[in-house]
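Position 36 of the sequence shown, counted from 1, bears residue number 78 in the working numbering, the numbering being contiguous throughout.
Positions of the beta carbon are idealized from the N, C-alpha and C atoms, including for glycine.
Everything numeric in this text was worked out from a predicted model, so none of it was measured.
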Amino acid sequence: MPLTADALDELRALLGPEGVLSEPAALFTYDADAMTLERVAPDVVALPRSTDEVAAVMLWARAHGLPVTPRGAGTGLAGGCTCETGGVSLSLNRMDRVLRVDHERLFAWVQPGLVNLWLSQQLAPAGLYFAPDPASQQVSTIGGNVSTNAGGPHCLKYGVTLNHVLGVTVVLEDGTSVTLGGEACDAPDFDLASVVIGSEGTTAVVTAVCVRLLPVPEDVQTMLFDFESVEDACHTVSRVIAEGIVPAAMEIMDRHTVGLVEAWLQMGLPTDAAALLLIEVDGPAVSLPAQVERIGAIAREWRARSRRVAKDAAERALLWKGRKSAFGAYGRTASGFYIMDGVVPRTKLAEALATIYRLAEARGLEAGNVFHAGDGNLHPHVLFDAKSERQQQDALEVSHEILRMCIRFGGTISGEHGVGIEKRPMMAELFGADDLAVMERVRAAFDPARRLNPGKILPGGAGCGEAHAHGRAPAQLGGTAFRPDAEGPWI
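So this is what it looks like as structure tokens:
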């Protein structure tokens, strides 16, 4: 049911005329994230600029019985910010400031709409950076990274977003704002910030994030190897880790992916290779030459045909451009492709890739692979004809089979993209009924009415307005009244 003119006027009074989008053409641009197989337009888009305005939107939505779906840059690949039940698309993109940087204690308070890469760029003159670096870091936001607990190529050594967040300020379903965690490494209260991180907007709306900062490494060495078989590249990964070497990143692209990237960027990549393996090590300059030589020796043992070591920062950036442009390369050439996000143990990588190719071929489809090999986070691309409903359905079935394979191999169904809509049916295959019931009770403790991103993640989850018998009011959650954005910019 469309919102009344009076209701929209109330929202405009809270956010200003430019803070509310309600025209059909505008709503169309918010009907999905990067997973476009399911599209549902919201009833209205709200564009707040502060914690206070977010709280006002939550109270307005509550008064009108509307669900609220938080949204970042819309780069998610699991349908996490698609408004399945309509309601309010709460876009946080205008909340994009760095609020405060503490160079001595190595943390910063930032707003959720800040683009990931912008933070490191602003910190560069001080010799600091933010370690989590998803492939979408040029466009994805810190808030979106927090929502899905995003990883990235360098999470092998440095960990995922959770490992770099000290605290969050959030707005709850009833409009209450609290800060969970804080600026210390170990807050004295229950670690509720870790419940919010990765909850995909189902527990609270993140309005400020205290992120951990790191000094820029003294030196970095980036290597590129090519192999005649994907299996040899995967065995090299396992062997390097087994030797006690923990690179900053280990990434693999298969022949299909390399061909598409080279056709686009013309980097001089060997398109006849079955796989390319990108390995980066960083740290004290004196320690890196020995690591580079040992990794090179291991790669030769597994029949690497060549080794290319970036001679300077420009060449290093070029090699990474090839890896981080892989998704775009598929988008340039395939009318339809489905990107998966599953995890298997490193020792199962070769078997997993062979299974992926076999599953796709059985349905007459092609599959390409580009992935975080160091932590076993797979990103298969299943290609299909977008004009064929049958091929689209086949691609979905292959994708679910890939996730089932990940579970069988002792892995899981998401490494960084989240569950959202896409993987929701698979949750019942990964977890038992008791586990899912506990997750539902945790969610109810934050949002008894299920107004925040209703129905996401949990299979058969309660929708908007269905209270849970075990839920408790948000005001009982605790947290401090500290508001990092209340005093304006601090940088």
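Where residue i sits in the DSSP three-state scheme
i           : result
residue 473 : coil
residue 417 : helix
residue 449 : helix
residue 292 : strand
residue 529 : Residue placement at residue 529 is poorly supported in this model, since its pLDDT is 37, which falls under 50; the coordinates are not used for a value here.
residue 268 : strand
residue 79  : coil
residue 408 : strand
residue 173 : coil
residue 110 : strand
residue 88  : strand
residue 375 : helix
residue 50  : helix
residue 234 : coil
residue 351 : strand
residue 518 : In this prediction, residue 518 scores a pLDDT of 34, lower than 50, which makes its location untrustworthy; the coordinate-derived value is nonetheless stated afterwards. The answer is helix: DSSP assigns residue 518 an H, G or I state.
residue 71  : coil
residue 505 : Any answer about residue 505 is weak, because its pLDDT of 38 lies below 50 and its placement is not dependable; what the coordinates show is given next. Residue 505 falls in the coil class under three-state DSSP.
residue 124 : coil
residue 244 : coil
residue 523 : Unreliable placement is indicated for residue 523, whose pLDDT of 34 sits below 50; the coordinate value is still reported in the next sentence. Reduced to three states, the DSSP call for residue 523 is coil.
residue 44  : coil
residue 494 : strand
residue 55  : helix
residue 26  : This structure cannot speak to residue 26, because the chain is shown only from 43 to 533.
residue 465 : coil
CB-CB length for residue i against residue j, believed under 8 Å
i           : j           : result
residue 259 : residue 416 : Wrong, their Cβ atoms sit about 17 Å apart, outside the cutoff.
residue 209 : residue 296 : Contact doesn't hold; Cβ gap of about 40 Å is too wide.
residue 460 : residue 118 : 7 Å
residue 152 : residue 213 : Their Cβ separation, rounded to whole angstroms, is 16 Å, which puts residue 152 and residue 213 out of contact at 8 Å.
residue 436 : residue 405 : 4 Å
residue 202 : residue 183 : Actually they are not in contact, since the Cβ atoms of residue 202 and residue 183 sit about 16 Å apart, beyond 8 Å.
residue 270 : residue 345 : 6 Å
residue 256 : residue 198 : Not quite, the Cβ-Cβ distance comes to about 15 Å (not below 8 Å), so this is no contact.
residue 85  : residue 44  : 7 Å
residue 501 : residue 470 : 5 Å
residue 442 : residue 468 : 7 Å
Check whether residue i and residue j have beta carbons under 9 Å apart
i           : j           : result
residue 464 : residue 128 : no
residue 268 : residue 317 : yes
residue 337 : residue 293 : no
residue 175 : residue 194 : yes
residue 254 : residue 173 : yes
residue 109 : residue 140 : no
residue 368 : residue 412 : yes
residue 309 : residue 364 : yes
residue 136 : residue 89  : yes
residue 146 : residue 190 : no
residue 452 : residue 386 : yes
residue 298 : residue 408 : yes
residue 68  : residue 87  : yes
residue 444 : residue 472 : no
residue 238 : residue 488 : yes
residue 49  : residue 66  : no
residue 312 : residue 342 : no
residue 115 : residue 181 : yes
residue 447 : residue 352 : no
residue 228 : residue 325 : no
residue 378 : residue 305 : no
residue 240 : residue 233 : no
residue 395 : residue 272 : yes
residue 291 : residue 196 : yes
Residues bridged to residue i (per DSSP)
i           : result
residue 380 : 424
residue 151 : 142, 252
residue 323 : 263
residue 211 : 221, 250
residue 317 : 269, 296
residue 132 : 88, 112
residue 257 : 170
residue 183 : 157
residue 62  : 88
residue 385 : 419, 454
Test: residue i CB closer than 9 Å to a CB of chain C
i           : result
residue 353 : Among the chains in the structure shown there is no chain C, since it carries only a single protein chain.
Residue i CB to nearest heavy atom of the ligand MG below 8 Å
i          : result
residue 45 : This structure lacks the ligand MG, and indeed carries no ligand of any kind.
Pair every Cβ in the segment 233-253 with every Cβ in the segment 487-495, then say whether three or more of these pairs are closer than 8 Å. yes
Evaluate the contact criterion for the segment 391-407 versus the segment 273-280: three or more CB pairs, one atom per stretch, below 8 Å. yes
Count Cβ pairs between the segment 415-429 and the segment 377-385 that sit closer than 8 Å; are there 3 or more? yes
Report yes or no: do three or more beta-carbon pairs, one from the segment 201-220 and one from the segment 88-106, lie closer than 8 Å? yes
Do the segment 73-86 and the segment 461-477 make contact, defined as three or more Cβ pairs closer than 8 Å? yes
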